[in-house]
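Here the protein sequences come in this chain order: A and B. Quick note on my numbering: the first sequence kicks off at 1 and runs consecutively. Quick note on my numbering: the second sequence kicks off at 394 and runs consecutively. Here's the structure we're looking at; comments come further down.
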Amino acid sequence: MKTKITGKNLYKIFGGSAEDALKLLQAGKDKDEIFEATGQTVGVNDASFEVAEGEIFVVMGLSGSGKSTLVRMINGLIKPSAGEILIDGVDVGSCSDEQLRRVRREKVAMVFQHFALFPHKTVADNVAFGLKIKGMPAAERREKAQVALDQVGLGARADSYPDELSGGMQQRVGLARGLASEPEILLMDEPFSALDPLIRSDMQQELLELQRSLKKTIVFITHDLNEALTLGSTIAIMRNGAIVQTGAAEEIVGSPADDYVAAFTKDIDRSLVFTAGSVAEPGEALDLAAADLKSALAAMERLHRDAIHLVDDGKVAGIVTYRDANAALGRNGGTLRDVLNEDFPAAEPDTRLFDLYELAQTGLPIALTNGDGRLSGIVEPKAVFAQLSTGGA
Amino acid sequence: MISPSDFDFLAIPFADWINLFVRDWLVPNFRPFFRSMQWPVSQVLNGLSTFLNATPMLVFTAALALIAWRTAGRGVAIFTLIALVFIDLIGLWPETMTTLAMVVTAVFFCVVIGIPLGVLAARSDIFQAVLRPILDIMQTIPSFVYLVPIVMLFGVGVVPGIIATIIFAVPPIIRLTNLGIRNVRHDLTEAAVAFGATPWQSLVEVQFPLALRTIMAGLNQTLMLALSMVVIAALIGAGGLGLTVFTGLGRLDVGNATAGGVGIVLLAIILDRISQALGEKRSVRTVSLMETMRSLFSPRRDAAAGESQRAG
Numbered sequence: 001m002k003t004k005i006t007g008k009n010l011y012k013i014f015g016g017s018a019e020d021a022l023k024l025l026q027a028g029k030d031k032d033e034i035f036e037a038t039g040q041t042v043g044v045n046d047a048s049f050e051v052a053e054g055e056i057f058v059v060m061g062l063s064g065s066g067k068s069t070l071v072r073m074i075n076g077l078i079k080p081s082a083g084e085i086l087i088d089g090v091d092v093g094s095c096s097d098e099q100l101r102r103v104r105r106e107k108v109a110m111v112f113q114h115f116a117l118f119p120h121k122t123v124a125d126n127v128a129f130g131l132k133i134k135g136m137p138a139a140e141r142r143e144k145a146q147v148a149l150d151q152v153g154l155g156a157r158a159d160s161y162p163d164e165l166s167g168g169m170q171q172r173v174g175l176a177r178g179l180a181s182e183p184e185i186l187l188m189d190e191p192f193s194a195l196d197p198l199i200r201s202d203m204q205q206e207l208l209e210l211q212r213s214l215k216k217t218i219v220f221i222t223h224d225l226n227e228a229l230t231l232g233s234t235i236a237i238m239r240n241g242a243i244v245q246t247g248a249a250e251e252i253v254g255s256p257a258d259d260y261v262a263a264f265t266k267d268i269d270r271s272l273v274f275t276a277g278s279v280a281e282p283g284e285a286l287d288l289a290a291a292d293l294k295s296a297l298a299a300m301e302r303l304h305r306d307a308i309h310l311v312d313d314g315k316v317a318g319i320v321t322y323r324d325a326n327a328a329l330g331r332n333g334g335t336l337r338d339v340l341n342e343d344f345p346a347a348e349p350d351t352r353l354f355d356l357y358e359l360a361q362t363g364l365p366i367a368l369t370n371g372d373g374r375l376s377g378i379v380e381p382k383a384v385f386a387q388l389s390t391g392g393a
Numbered sequence: 394m395i396s397p398s399d400f401d402f403l404a405i406p407f408a409d410w411i412n413l414f415v416r417d418w419l420v421p422n423f424r425p426f427f428r429s430m431q432w433p434v435s436q437v438l439n440g441l442s443t444f445l446n447a448t449p450m451l452v453f454t455a456a457l458a459l460i461a462w463r464t465a466g467r468g469v470a471i472f473t474l475i476a477l478v479f480i481d482l483i484g485l486w487p488e489t490m491t492t493l494a495m496v497v498t499a500v501f502f503c504v505v506i507g508i509p510l511g512v513l514a515a516r517s518d519i520f521q522a523v524l525r526p527i528l529d530i531m532q533t534i535p536s537f538v539y540l541v542p543i544v545m546l547f548g549v550g551v552v553p554g555i556i557a558t559i560i561f562a563v564p565p566i567i568r569l570t571n572l573g574i575r576n577v578r579h580d581l582t583e584a585a586v587a588f589g590a591t592p593w594q595s596l597v598e599v600q601f602p603l604a605l606r607t608i609m610a611g612l613n614q615t616l617m618l619a620l621s622m623v624v625i626a627a628l629i630g631a632g633g634l635g636l637t638v639f640t641g642l643g644r645l646d647v648g649n650a651t652a653g654g655v656g657i658v659l660l661a662i663i664l665d666r667i668s669q670a671l672g673e674k675r676s677v678r679t680v681s682l683m684e685t686m687r688s689l690f691s692p693r694r695d696a697a698a699g700e701s702q703r704a705g
């Protein structure tokens, strides 16, 4: 995929000339030591990252970790002390004011933590703000604002004032304002942290749904790891201004880079992060047409399994357990088809472990099939629970 | 007791220095410059004064009462009506109109000068640091002290009186414009910039509208200060109600002095109420007459005559 935003060795030092502090940083001093020596605060410390087009890139960190500073470098609200920040190859850290304004008007929109809606403007005027700044005529921008409001389900509230709306609705307006100017990149600075937990998870789902059709490049800031894991295609974890780990949700939780990340991920519900594919084993299946009871039993013994899948014309047809097969063989005259359980548990490789609980209750191995019904692997019930228990406790 | 002033060689001829500076340098070199500054003021004043004096009393009263009703509600409108009729009946109508023209002219120039300065001060910490002590000095110098250099530089008459008034009344609107814009929520300004607004666009679209309430409070203060100074300006030849009070004092004519004073107070209350209402929410509130009268004479409002109202 194409890279949309690139950060290269970014630094931000607050308070005075950056040079001394940068030298100290390169000498390996940490944030506190530098503050003591120079009185300057290190906002961002040697951060490098790449955001691919169309992905949700989540930056996660506690307050003071520099995540808000980092996101503000992308639209030039904060200039980096050193390093480069490129959008489509253009360095926004060093371009002219005029160029920067053009980037903000055409390419990058922002959604704020406390909504930052203009209290003296109606909802529609708020949404149309970016368009007005661009100089679009009133009728046209009203139309576009209406489209953006419809997208977030607030089409009927265009003429209300922000203080007449609930927090969740206000942030939808904030989102609509971001979408109205049809930017390629959406920066979201803790957009849902000020909302109730229930509304927050609604908004997360809505964002994911919108994203499915919009395919914007989103940089999303949060201090909530669960939110990061729910939304992020890629997650970067920041600490004291530095990015300590970047990766997909499974990498972050599965192999934390250091104790700091591990401490974060400790309390995470791993069943929401890991997919069936992560615990799958290569599955072996017998062809229903060729196999019989004896060959099935032999195969199970060879594989040390209690059950085996059977495929018919390449597609998984069912499962046979060792006990049933053995009993049928004892009765003499049973066929493989008689003991075939066609109501077998099946899932796809990217199903979350959370959704496998019920299937695992049957005690049978879960067949993983891709869309075409072919067996790509199997998941033993005990493997599900083994994966869940490694990080916990 | 021995003090430093006992030694003649230590004495500082401060007054002489100032005389030298003003008389021998400032006045001869800059008098034409200061004279030319009078031109815009006298244009506005003459226009306004002619207009107000030509407007029939009843028409003007009706118009002002209407404005009061639309902005501050029914109570203030009725008060305005009664007060203006009273002023006419005690025979001070022309003087009141002259004073009003002077006050409005002074406030007009205060707004034209003050709001841009306030905006600049809000934008630049350095400019604020320079401006602040100047404003402090302007507000602490007793109003009479202004008059001497003003007379030397501008001469006597109505226009120099208004210039003294402008200098005296401009600080609150500068301060409160600065304060109002600085108090606009940071994330709102940031949002404007993040959507690509130029500094001018974020000022006009976001900062100024959100600071308007505070700026209007500054305008109200400026108006009250202007009204109090316009009276003092009568000392250097400005006419109007101030002159009535001044001549009353000179002749120990208690009746006329009081009449002039009452006229000023009534005018002050009307202007204060209307300008305050403008600063509040735009929606028209209708308050009962009783309530209005009570609020007019509550202790908090004693300063309404314009004395010593200073912006923080």
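For every residue, glycine included, the Cβ atom is placed at its ideal position computed from N, Cα and C. Being a predicted model, the structure only gives us computed values, none of them experimental.
If you run the structure through DSSP and keep just helix, strand and coil, what is residue i?
i                      : result
residue 380 of chain A : coil
residue 613 of chain B : helix
residue 51 of chain A  : strand
residue 126 of chain A : helix
residue 98 of chain A  : helix
residue 338 of chain A : coil
residue 9 of chain A   : strand
residue 229 of chain A : helix
residue 352 of chain A : strand
residue 467 of chain A : Because chain A is modelled from 1 through 393, residue 467 of chain A falls outside the range shown and cannot be assessed.
residue 401 of chain B : helix
residue 362 of chain A : coil
residue 489 of chain B : helix
residue 677 of chain B : Bear in mind that the predicted position of residue 677 of chain B carries a pLDDT of just 37, short of 50, making it too unreliable to give a figure here.
residue 46 of chain A  : strand
residue 275 of chain A : strand
Would you list the one or two residues that DSSP bridges to residue i?
i                      : result
residue 318 of chain A : A:310
residue 103 of chain A : Residue 103 of chain A pairs with nothing; no bridge assigned.
residue 287 of chain A : A:311
residue 224 of chain A : Answer is none; residue 224 of chain A lacks a bridge partner.
residue 239 of chain A : A:242
residue 346 of chain A : A:367
residue 91 of chain A  : A:86
residue 109 of chain A : A:186
residue 281 of chain A : A:378
residue 639 of chain B : DSSP output for residue 639 of chain B lists no bridge partner at all.
residue 56 of chain A  : A:218
residue 14 of chain A  : A:41
residue 247 of chain A : A:235
Measure the alpha-carbon distance for residue i versus residue j and round it to whole angstroms.
i                      : j                      : result
residue 220 of chain A : residue 21 of chain A  : 28 angstroms
residue 466 of chain B : residue 110 of chain A : 42 angstroms
residue 428 of chain B : residue 661 of chain B : 30 angstroms
residue 500 of chain B : residue 625 of chain B : 16 angstroms
residue 372 of chain A : residue 294 of chain A : 29 angstroms
residue 272 of chain A : residue 353 of chain A : 7 angstroms
residue 407 of chain B : residue 92 of chain A  : 58 angstroms
residue 149 of chain A : residue 356 of chain A : 38 angstroms
residue 67 of chain A  : residue 369 of chain A : 40 angstroms
residue 681 of chain B : residue 474 of chain B : Residue placement at residue 681 of chain B is poorly supported in this model, since its pLDDT is 49, which falls under 50; the coordinates are not used for a value here.
residue 193 of chain A : residue 122 of chain A : 24 angstroms
residue 425 of chain B : residue 402 of chain B : 38 angstroms
residue 60 of chain A  : residue 340 of chain A : 49 angstroms
residue 52 of chain A  : residue 235 of chain A : 12 angstroms
residue 421 of chain A : residue 178 of chain A : This structure does not reach residue 421 of chain A, given that chain A is present from 1 up to 393, and the question cannot be answered.
residue 141 of chain A : residue 56 of chain A  : 27 angstroms
residue 307 of chain A : residue 254 of chain A : 29 angstroms
residue 46 of chain A  : residue 223 of chain A : 20 angstroms
Quick one: which unbroken beta strand (DSSP E) runs of 3-plus residues sit fully inside the region 425–479 of chain B? Chain order, please. none
Between the region 120–133 of chain A and chain B, which residues of the former have CB atoms less than 7 angstroms from a CB of the latter, in chain order? So the list reads 120, 129, 130 and 133, given in the order they occur along the chain.
**Message:** Quick check for students: name the residue ranges of the beta strand (DSSP E) that lie wholly in the region 147–194 of chain A, counting only runs of 3 or more.
**Reply:** Counting only runs of 3 or more, we get 185–189.
### Message
Along the region 64–78 of chain A, where does the CB come closer than 8 angstroms to a CB of chain B? Name the residues.
### Response
75 and 77
Taking only beta carbons into account, state which residues of the region 577–592 of chain B come closer than 8 angstroms to chain A, listed in chain order. 578, 580, 581, 583, 584, 585, 586, 587, 588, 589, 590 and 591
Taking a Cβ distance cut-off of 9 angstroms, strictly less, list which residues of the region 104–116 of chain A are near chain B, in chain order.
104, 105, 106, 108, 109, 110, 112, 113, 114, 115 and 116
Residues within the region 587–621 of chain B neighbouring chain A, beta-carbon criterion of under 8 angstroms = 587, 588, 589, 590, 591, 594, 598, 599, 602 and 603
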